[in-house]
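This report refers to the structure that appears directly beneath it.
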Amino acid sequence: MDDVIITSPSFNEHLDHLNQIFTLLRDAGLILNKEKCHFARDKLKYLGLVISKEGIETDHSKVKAITEMKPPKNSKVVSKFLGRAGWYQKFIPQYADICEPLCWLKKKGAKFNWSTEAQDSFDKIKRALTEAPVLQLPDFTEQFNLFTDASGVGIGTVLNQNHRPIAFAFRTLNKAERNYTVTERECLAVIWALN
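Going by the UniProt record's numbering, the sequence shown opens with residue 1, and the numbers climb by one from there.
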């Protein structure tokens, strides 16, 4: 086991939760490294994210490394950029639509041509990362809302609660799906979002 993260609604409940976890860890024979332990934090940086009672947001130091990238000169660098930016796609509405011109540059056998569309896509992704919303933590006692959408190149969804996003998800359409009617693409988005 590498990481254990415990969240609690109040400090007293947090102490109770810690006690329960310590008991379970002790019973399992696991030992904690006290230098790596942090307790009763208001904010936590974890896997490129900042988690707090306000929600989940991007780690600005990690995003800065992406936004400072220069325009790619080859498909390998495009893949690197999309890999890094893709980690944060749940923060970016219409991510699949935005990154589509860059995805074409990664296709096997495709000639690398840094077009105006590719530059626009590159800039939009970087801008979206700097403007990324704070995603709400889900409250399982409240109602969830799922919104879907489809375009000619992708489908997407946003899971939201109390008019605040919990997560965005998108994917590009394959060749056959791009031939679907608007209604079929909208239905596909609903089915995909529910799966």
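Virtual Cβ for every residue (Gly too), placed ideally from N, Cα, C.
For a quick check, are the C-beta atoms of residue 170 and residue 156 less than 8 Å apart?
Within the sequence shown, residue 170 is the residue found at index 170, counting from 1. Within the sequence shown, residue 156 is the residue found at index 156, counting from 1. Yes, Cβ-Cβ distance for residue 170 and residue 156 is below 8 Å.
Bridge partners of residue 171, per DSSP?
One-based indexing of the sequence shown puts residue 171 at position 171. Note: residue 171 sits in a beta bridge opposite 155.
Residue 119: which of 4, 101, 138, 90 sits nearest, CA to CA?
In the sequence shown, the residue the question calls residue 119 occupies position 119. Answer by Cα proximity: 101.
When the Cα of residue 93 is compared with those of 49, 140, 135, which residue comes out closest?
Start at 1 with the first residue of the sequence shown, and residue 93 comes out as number 93. The shortest Cα separation from residue 93 among 49, 140, 135 belongs to 135.
Bridge partners for residue 46 per DSSP, in chain order?
Along the sequence shown, one-based indexing puts residue 46 at 46. Residue 46 is bridged to 49.
Please report whether the beta-carbon of residue 26 lies at a distance below 8 Å from any beta-carbon of chain C.
As a matter of chain content, chain C is missing from the structure shown, which is built from one protein chain.
Can you tell me which residues form a DSSP beta bridge with residue 149?
Reading the sequence shown from its first residue, position 149 is the one you call residue 149. 156.
So for residue 30, helix, strand or coil by DSSP?
Position 30 of the sequence shown, counting from 1, holds the residue named residue 30. Reduced to three states, the DSSP call for residue 30 is coil.
Which one of 24, 192, 77, 126 has the shortest CA to CA distance from residue 269?
Look at the range of the chain in this structure, 1 to 195, and you will see that residue 269 is not part of it.
Buried or exposed for residue 88, please, with buried defined as at least 16 other CB atoms from any protein chain shown within 10 angstroms of its CB.
In the sequence shown, the residue the question calls residue 88 occupies position 88. Classification for residue 88: buried.
With DSSP as the reference, please indicate the residues paired to residue 161 in a beta bridge.
Counting from one through the sequence shown, the residue named residue 161 turns up at place 161. Answer is 164.
What is the DSSP secondary structure of residue 83, counted as helix, strand or coil?
Translated into positions along the sequence shown, residue 83 becomes position 83. Residue 83 falls in the helix class under three-state DSSP.
Excluding the 5 residues preceding and the 5 following residue 161 in the sequence, name in chain order all residues of the same chain whose CB lies nearer than 8 Å to its CB.
Taking the sequence shown and counting its residues from 1, one reaches residue 161 at position 161. So the list reads 136, 138, 139, 142, 143, 144, 145, once near-sequence residues are dropped.
Mind checking who residue 135 pairs with in its DSSP beta bridge?
Against the sequence shown, residue 135 aligns to sequence position 135. 56.
Could you tell me the distance, in whole angstroms, from the CA atom of residue 116 to the CA atom of residue 68?
Residue 116 sits at position 116 when you count from the first residue of the sequence shown. Residue 68 sits at position 68 when you count from the first residue of the sequence shown. Approximately 19 Å, taken between the alpha carbons.
Which whole-angstrom value is the C-beta distance of residue 168 and residue 90, which I expect to be below 8 Å?
Here residue 168 is taken as the residue at index 168 of the sequence shown, counted from 1. Here residue 90 is taken as the residue at index 90 of the sequence shown, counted from 1. Contact flag correct, Cβ pair sits at about 5 Å.
Just confirm the distance between the C-beta atoms of residue 52 and residue 59, as a whole number of angstroms; I'd bet it's less than 8 Å.
As a working note, residue 52 is residue 52 in the sequence shown. As a working note, residue 59 is residue 59 in the sequence shown. Contact flag wrong, Cβ pair sits at about 12 Å.
Give the single residue among 20, 177, 35 whose Cα lies nearest to the Cα of residue 28.
Start at 1 with the first residue of the sequence shown, and residue 28 comes out as number 28. Residue 28 has its Cα closest to that of 20, out of 20, 177, 35.
Looking only at its own chain, which residues have a Cβ that is under 8 Å from the Cβ of residue 180, when we skip the five neighbours before and after it?
Along the sequence shown, one-based indexing puts residue 180 at 180. Here the set comprises 173, 188.
DSSP three-state label for residue 14, please.
Stepping through the sequence shown from its first residue, residue 14 is reached at position 14. It is helical.
Considering only C-alpha positions, which residue in the set 131, 192, 17 is nearest to residue 159?
Here residue 159 refers to the residue found at position 159 when the sequence shown is read from its first residue. Here the closest residue by C-alpha is 192.
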